[in-house]
Every structure is written in structure tokens, then in C-alpha cells.
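Number 85 in numbering that gives the first Met the number 0 belongs to position 86 of the sequence shown; there are no gaps in the numbering.
Each remark here refers to the structure printed beneath this line.
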Amino acid sequence: MSERFERDKPIGKALAEWWQGLENDRASRATLRRAAGPTEVALSAPYQRLYRRLQLQGWNPDSKAYLDDRLAAAVGLLAHVREDSPGLSPAKSMSQRKAGDDRLAVSELRFLRLLDARDIEALYDGLRRVLPLMDRRVDVLALTNDLLQWGEQVKKRWAYAYEWPARTSS
């Protein structure tokens, strides 16, 4: 069993279709958006319905219960995403600039705080706060995979993908 969601694999397709379906399932989206953390997401009916659907497609993290918690975090955050942008990694989305503005969507300090999140709950809280700054645009499968695999490798990948602002001398 792969613990990665890919667009050409059944669990990736199922997750992407579920996310697209949130557009017409406002009650589920609202329930997930109101969840204060991954535990509340995991205890919600919309998450449990998706979880069963993913199991039918091959989701089975074996004895790695922490992956279920991370999946719940990802699902809760996906309810806040408005636009799936394949290829737009979370770090790239955080370092996008709006037209006519030279500031990054997510400041360097806030980005560093995300990288320093002590656990998945803190990461969830931080990402939930920065998604509006990112115009709620990100590759939904990349965000999910990064949360599932959260650790030093993902943090380094984010650090390399983030477009660090140049320092100006005064």
C-alpha cells in the first residue's frame, strides 16, 4: 500500500473527486471548516464517510495510526482550499506575490513558524491561518502528501521551494 496520493492512482482520484464534490456539499465543507483540529475532523461524519471511501480504494496505513491523524488534518485543511492548482506546492503557494505587490503571501517569519510546528495539531492551526493568505490555492494532493509525510525531509523541501525574500541594505 502506498501512503501517497497521486492523481493517477485510485486513492488519489478518490480524494480529488471528494474535494471537488465539496463545492456542492456545503454542509460537509462547513462541518470540516468549523473543526478546531484534526481530532474534531476525525470525529466528523464527512471525514468518516471519506475515510471509508478511501479504504475501499486501498487506504490502509496498517499499524501507523499517526497517518490517520495526519489524514484528518489534511482533510480539515482541504475544506479551506478553494482552488486545486496541480503543481503548486504549499511552499510555492506561500511565496507567491500578488500582482503589483512585492510582499510574499506568507511572511518569512510566519513560514519559519510553520516549519517549527511542534506537532500535527500546531501545523494544522498554522496552515489553517495561512491558507487565506495563499488565496486558498494549492495542489490538494501535494498538501495531503506533505502532511502525511511531515518531518525533516518535507521541511527541507519546503525550505528549498519557498522563495525567500532578498534582504535589502539600508
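Glycine is no exception: its CB is placed at the ideal position from the N, C-alpha and C atoms.
Note that the coordinates shown come from a computational prediction; the quantities given were computed from them, not determined experimentally.
Problem - Start and end residues, alpha helix (DSSP H) containing Q19 - result: Note, Q19: alpha helix (DSSP H), 9-20.
Handout entry: Contact belief for V129 with M93 at Cβ below 8 Å, rounded distance in angstroms
Key = Their Cβ separation, rounded to whole angstroms, is 6 Å, which keeps V129 and M93 in contact under 8 Å.
Practice task
Pick out whichever of E2, A73, Q95 has its Cα sitting closest to the Cα of D134.
Solution key: For D134, the closest alpha carbon among the candidates E2, A73, Q95 is that of Q95.
Exercise for the section: Tell me whether the beta-carbon of V40 lies closer than 9 Å to the beta-carbon of A15. Expected result: Taking 9 Å as the cut-off, the Cβ atoms of V40 and A15 do not count as close.
Problem - With 16 other Cβ atoms within 10 Å as the buried cut-off, status of M0 - result: With a pLDDT of 41 at M0, under the threshold of 50, the predicted position of this residue should be treated as unreliable, though the coordinate-derived value follows. Answer is exposed; the Cβ neighbour count stays below 16.
Problem - Segment limits, alpha helix (DSSP H) that includes V105 - result: That residue, V105, is in no alpha helix (DSSP H); it is neither H nor E in DSSP.
Problem - the segment 41-57 touching the segment 100-116, judged by at least three CB pairs closer than 8 Å - result: Segments in contact, no.
Exercise for the section: Mind checking which residues open and close the alpha helix (DSSP H) that includes S92? Expected result: It spans 89-93 - the alpha helix (DSSP H) in which S92 sits, taken as one unbroken run.
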